[in-house]
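Have a look at the structure below, then the notes.
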Amino acid sequence: DGGITQSPKYLFRKEGQNVTLSCEQNLNHDAMYWYRQDPGQGLRLIYYSQIVNDFQKGDIAEGYSVSREKKESFPLTVTSAQKNPTAFYLCASRLNPGLAGDNEQFFGPGTRLTVL
Amino acid sequence: QKEVEQDPGPLSVPEGAIVSLNCTYSNSAFQYFMWYRQYSRKGPELLMYTYSSGNKEDGRFTAQVDKSSKYISLFIRDSQPSDSATYLCAMSAGREYNFNKFYFGSGTKLNVKP
Chain E
1 DGGITQSPKY
11 LFRKEGQNVT
21 LSCEQNLNHD
31 AMYWYRQDPG
41 QGLRLIYYSQ
51 IVNDFQKGDI
61 AEGYSVSREK
71 KESFPLTVTS
81 AQKNPTAFYL
91 CASRLNPGLA
101 GDNEQFFGPG
111 TRLTVL
Chain U
1001 QKEVEQDPGP
1011 LSVPEGAIVS
1021 LNCTYSNSAF
1031 QYFMWYRQYS
1041 RKGPELLMYT
1051 YSSGNKEDGR
1061 FTAQVDKSSK
1071 YISLFIRDSQ
1081 PSDSATYLCA
1091 MSAGREYNFN
1101 KFYFGSGTKL
1111 NVKP
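Just so you know, the protein sequences line up as chains E and U, in that order. Take the first sequence: its position 48, counted from the start at 1, is 48 in our numbering, and no numbers get skipped. Take the second sequence: its position 71, counted from the start at 1, is 1071 in our numbering, and no numbers get skipped.
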């Protein structure tokens, strides 16, 4: 089955710890994205990557880091510098942002991170 | 002012009703418009995707875009309890802008009562 997988589904972190959220896609999509969702707010873009070995900061990148060593993988690390990391984290992918008319973004099931 | 405004609801309707969900936006550069359905504690699922103005129909769902009014709508006919979810609108500008940036509404929570 083609799709986007995120793991773990639930993650608990102690103050001062770094944690890494996994995102894998087998859709052969070029672009991948990380969003954060908080209650009553729209999705906010953390980082995105259009191609392997390249990524760009989104609106709320502070306290987060990413890597894109493989086309199918885009892990997100939530560092201890992130002041309020408790949230629902969503990974998304898109076929090829350079293609005219391609603007459909598909989401994974999400990871709920709670800081204890 | 937010780029995209969406009434958070909740919106409660009886089964079989016609549901109208709406978003307004401020950026006239937006050309691509999407509706996502999100069940509790799940990732958003793409429902409808339209380019520029006009209507698009898919089964019980109709998406409508009015660029002159900067207003988009999603209509659900013959609503079912399984339609109970949060509906997110999203939009982005064309390739001449940063079309990696998607702007999301905060979501409208819909409850369809049996």
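The C-beta atom is built at its ideal place from N, Cα and C for all residues, glycine as well.
Okay, do the stretch 1027 to 1039 of chain U and the stretch 1075 to 1093 of chain U touch, 3+ Cβ pairs below 8 Å being the bar?
Contact holds: three or more Cβ-Cβ distances are below 8 Å.
Lysine 1109/U touches chain E at which residues, Cβ-Cβ below 7 Å?
Going along chain E, no residue has its Cβ under 7 Å from lysine 1109/U, so there is no contact; the nearest lies around 10 Å.
Just mark alanine 1063/U as buried or exposed, buried being the case when its beta carbon has 16 or more other beta carbons within 10 Å.
Buried, since its Cβ has 16 or more Cβ neighbours within 10 Å.
Can you find the residues in the same chain that come closer than 8 Å, C-beta to C-beta, to asparagine 18/E, ignoring five residues on each side of it along the sequence?
The residues are Thr77, Val78, Thr79, Ser80.
Which residue wins for smallest C-alpha separation from serine 1058/U, given the options Leu1046/U, Asn1100/U, Cys1023/U?
Looking at the sequence shown, residue 1058/U is not serine but aspartate. It is Leu1046/U.
Have a look at Val1019/U, Tyr1025/U, Ser1052/U, Ser1068/U and flag the residue whose alpha-carbon is nearest the alpha-carbon of phenylalanine 1104/U.
Looking at the Cα atoms, Tyr1025/U is the closest of the given residues.
How far does the beta strand (DSSP E) with tyrosine 10/E in it extend, from its first residue to its last?
Tyrosine 10/E -> beta strand (DSSP E) spans 10 to 13.
Would you call proline 1014/U buried or exposed, if buried means 16 or more other Cβ atoms sit within 10 Å of its Cβ?
By the 10 Å Cβ count, proline 1014/U comes out exposed.
By DSSP, does aspartate 38/E sit in helix, in strand, or in coil?
Coil.
Could one say the Cβ of phenylalanine 74/E lies closer than 8 Å to chain U's Cβ atoms, at least one of them?
False, the Cβ-Cβ gap to chain U never drops below 8 Å.
Under a three-way DSSP split, which group does serine 1014/U fall into?
Residue identity check: residue 1014/U is proline in the sequence provided, not serine. Note: proline 1014/U maps to strand in three-state DSSP.
Against proline 1008/U, what residues of chain E qualify as contacts under a CB-to-CB distance less than 9 Å, listed in chain order?
Those are Gly40, listed as they occur along chain E.
List the residues that DSSP assigns as beta-bridge partners of alanine 81/E.
Looking at the DSSP assignment, alanine 81/E forms no beta bridge with any residue, so it has no partner.
Sorted by chain position, which residues of the same chain lie with C-beta nearer than 6 Å to arginine 112/E's C-beta, five sequence neighbours on each side aside?
Excluding positions up to five away in sequence, the list reads Tyr10, Phe88.
Tell me where the beta strand (DSSP E) around asparagine 1022/U begins and ends.
1019 to 1025 is the extent of the beta strand (DSSP E) around asparagine 1022/U.
Rounding to the nearest angstrom, what Cα-Cα distance links phenylalanine 74/E and glycine 1094/U in this structure?
Spanning the two alpha carbons is a distance of roughly 25 Å.
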